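Asks:
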Ligand code: HEC
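Residue numbers (the working numbering): 6 to 214.
As structure tokens, this is what we get:
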């Protein structure tokens, strides 16, 4: 056989096979059957496995999804520093001072996050008249009230983490680092509202009227 005839022969056989296949499929279509459809290439489609949230007959609590062994810590998730992650030394005993190093970069980050996450309710200046409030949301207190000015840094961190009364929690939207950045910026906001002459840099003092 020359290469060409071999090719023709192969092609012929293949076409016949395909036509036969199409005919079989054509005939079986639209005829109701209780049998499962023929699955020519299983391709690991059917495997003994559990789908998420499904029931299990094997485990006592019937849940196919298992909890990690108690005490398991995923890499990078060891949260030993209680103060950094909760703002508290012990139960509701909040740290007075932000544990994070405060510099201009942190304040800028805090301002950006504050404007995104807090200003819709608390407003950009923190007086509690954000756009949500003008549309009917419960008005939050002003950050410039004495009570909130003397609130420990750790407690503000805790309010962001867990929410309070009518304020939702922002635990999942804002990372702990960013929460501390927001706390630092909130302090700067409070200070700006109550700044005196002594807060103005010497070189700018004579510009103040
Ligand atoms: C969806 C609106 C909303 C957003 C967004 C919001 N707050 Fe609030 N916040 C409130 C309300 C309402 C209150 C008053 C809660 C109450 O007393 O019922 C409040 C109260 C507070 C208080 C005072 C808690 C107290 O002891 O009285 C602090 C501090 C605070 N918010 C910080 C923040 C910070 C920081 C952010 C941004 C990360 C933020 N909030 C985002 C609505 C909001």
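Note that beta-carbon positions come from the ideal geometry of N, C-alpha and C, so glycine has one too. All values reported here derive from a predicted model rather than from experimental measurement.
Rounded to whole angstroms, how far is the Cβ of residue 186 from the Cβ of residue 129, which I believe are closer than 8 angstroms?
Replies: About 16 angstroms; that fails the 8 angstroms criterion.
Asks: Across which residues does DSSP place residue 60 in a beta bridge pair?
Replies: DSSP lists 68 as partners of residue 60.
Asks: My parser needs the alpha helix (DSSP H) runs of 4 or more residues fully inside the region 127 to 214; what are they?
Replies: Counting only runs of 4 or more, we get 136 to 139, 151 to 154, 158 to 167, 181 to 198 and 207 to 210.
Asks: Let me confirm a value: residue 110 is counted as buried when at least 16 other C-beta atoms fall within 10 Å, else exposed. Which label applies?
Replies: So residue 110 ends up on the exposed side.
Asks: Can you list, in chain order, the residues of its chain whose CB lies under 6 angstroms from that of residue 162, leaving out five sequence neighbours each side?
Replies: If we look at residue 162 and ignore the five residues flanking it on each side, its Cβ neighbours are 92, 184 and 188.
Asks: Which word fits residue 195, buried or exposed, when buried means at least 16 other C-beta atoms lie within 10 angstroms of its C-beta?
Replies: Buried, by the Cβ-count rule.
Asks: So residue 107 is in the beta strand (DSSP E); what residue range does that whole segment cover?
Replies: Neither: residue 107 is in no beta strand (DSSP E) and is coded neither H nor E.
Asks: I want to check one thing, is the minimum distance from the CB of residue 153 to the heavy atoms of ligand 1 below 7 angstroms?
Replies: True, at least one ligand heavy atom lies under 7 angstroms from that Cβ.
Asks: Between residue 164 and ligand 1, is the CB less than 7 angstroms from at least one heavy atom?
Replies: Because some heavy atom of ligand 1 lies under 7 angstroms away, the Cβ of residue 164 counts as near it: yes.
Asks: Assuming residue 112 and residue 190 form a contact by the criterion Cβ under 8 angstroms, report the distance between their Cβ atoms to the nearest whole angstrom.
Replies: Between residue 190 and residue 112 the Cβ distance is about 5 angstroms, and since that is below 8 angstroms, they are a contact.
Asks: My output table needs one value for residue 79: the three-state DSSP class, helix, strand or coil.
Replies: Note: residue 79 maps to coil in three-state DSSP.
Asks: Could you have a look at residue 94 and say whether DSSP puts it in helix, strand or coil?
Replies: Three-state DSSP puts residue 94 in a strand.
Asks: Buried or exposed for residue 127, please, with buried defined as at least 16 other CB atoms from any protein chain shown within 10 angstroms of its CB.
Replies: With 16 or more Cβ atoms within 10 Å of its Cβ, residue 127 is classed as buried.
Asks: Give a yes or no on whether the minimum CB-CB distance between residue 117 and chain D is below 8 angstroms.
Replies: The chain inventory of the structure shown lacks chain D, comprising one protein chain alone.
Asks: May I ask you to verify whether the region 149 to 168 touches the region 76 to 92, counting CB pairs closer than 8 angstroms and requiring at least 3?
Replies: Because the criterion of three Cβ pairs below 8 angstroms is met, the region 149 to 168 and the region 76 to 92 touch.
Asks: Under 8 angstroms, do residue 133 and residue 155 count as touching if we go by C-beta distance?
Replies: Contact: no.
Asks: I want to check one thing, is the minimum distance from the CB of residue 143 to the heavy atoms of ligand 1 below 7 angstroms?
Replies: For ligand 1, at least one heavy atom lies less than 7 angstroms from the Cβ of residue 143.
Asks: Using 8 angstroms for Cβ pairs, my map puts residue 158 next to residue 102. What's the rounded Cβ distance?
Replies: So it is a contact: roughly 6 angstroms between Cβ atoms.
Asks: Where DSSP assigns a beta bridge to residue 99, which residues make up the other side?
Replies: For residue 99, which the question treats as bridged, DSSP gives the partners 93.
Asks: Would residue 79 and residue 70 be called neighbours here (beta carbons separated by less than 8 angstroms)?
Replies: Against a cut-off of 8 angstroms, the Cβ pair of residue 70 and residue 79 comes out as no contact.
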